[in-house]
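Protein sequences, first through last, are from chains A and B. For the first sequence, position 55 matches number 53 in this note's numbering, and the numbering has no gaps at all. For the second sequence, position 60 matches number 58 in this note's numbering, and the numbering has no gaps at all. Please read the structure below before turning to the comments.
Number of protein chains: 2
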Amino acid sequence: MSRYRVAVHIVPRRGLLDPQGKAVADALHSLGFNGVRDVRVGRHLVIDADAPEPQSAERVVRDMCAKLLANPVTEDFEIANVEQA
Amino acid sequence: MSRYRVAVHIVPRRGLLDPQGKAVADALHSLGFNGVRDVRVGRHLVIDADAPEPQSAERVVRDMCAKLLANPVTEDFEIANVEQA
């Protein structure tokens, strides 16, 4: 068993409303950041887990996302990175 | 002016308590994911912004993080990616 650090992005599905992103974009405009066109706010999770190999660490984290971490109706997730911790 | 898509990670500073990460880790254990050792929950922002070049898009987003997006006391941020949108 080794320890792996798996980074996951969970983001609101494209096409769905993202009220938090809209609020952030409005706040940035108020501060004078006029070049901002769109903001999407998602979650960045870093999971340290024991697994025999990186492929199985990634597989287990995908399973976690499907079962608990991501909302299958409104969110998409992607494994951003897997590295030995 | 071109449009750039800048991805940012904002994460609780290492060493500080992350109650949301702790709650997620406990929930994963309850579901039988016993290999989980630690979970940190941060935010993943994707900002579309107009800028003359990628370097200035990144610079502007760093400024946004310092001024609004990240809490300078409790959070660290890093620019994960800059690409033409």
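Where is the CB? At the ideal position from N, CA and C, for every residue including glycine. All of these numbers come straight from a predicted model, not from anything done at the bench.
- Does the count of Cβ pairs from the region 47 to 59 of chain B and the region 19 to 30 of chain B closer than 8 angstroms reach three? no
- Residues near A/L64 by beta carbon distance below 8 angstroms, same chain, minus five either side: Here the sequence assigns Ala to residue 64 of chain A, which means Leu is not the residue at that position. Contacts found: P70.
- B/E81 in three-state terms, based on DSSP: strand
- Query: Whole beta strand (DSSP E) runs in the region 3 to 72 of chain B with 3 or more residues, listed along the chain?
  - Reply: 34 to 49
- Looking at the C-beta of B/V80, does it have a partner C-beta in chain A at a distance below 9 angstroms? no
- Message: To be precise: take each residue of the region 40 to 54 of chain A, compare its Cβ to all Cβ atoms of chain B, and keep it if any distance is under 7 angstroms. Which residues remain?
- Response: G40, R41, H42, L43, V44, I45, D46, A47, D48, A49
- Rank B/P17, B/I8, B/L26 by C-alpha distance to the C-alpha of B/H42 and give the top, closest one. B/I8
- Proximity to B/H27 [Cα-Cα], best of A/I45, A/A5, A/M(-1): A/I45
- Message: Rounded to whole angstroms, what is the Cα-Cα separation between B/V6 and A/V39?
- Response: 10 angstroms
- Query: Cβ of A/G33 within 9 angstroms of Cβ of B/A49?
  - Reply: Cβ atoms of A/G33 and B/A49: closer than 9 angstroms.
- Apply the 10 Å Cβ neighbour rule to A/P17 and answer buried if 16 or more other Cβ atoms are within range, or exposed otherwise. exposed
- Query: Taking 9 angstroms as the CB-CB cut-off, is B/K65 touching chain A?
  - Reply: yes
- Task: With 7 angstroms as the C-beta to C-beta threshold (strictly closer), list the residues of the region 29 to 40 of chain B near chain A in chain order.
- Result: Under the 7 angstroms Cβ criterion, the region 29 to 40 of chain B contributes L29, F31, G33, V34, R35, D36, V37, R38, V39, G40.
- Taking B/S54 as the reference, give the member of B/Q82, B/P10, B/G13, B/A25 with the closest Cα. B/Q82
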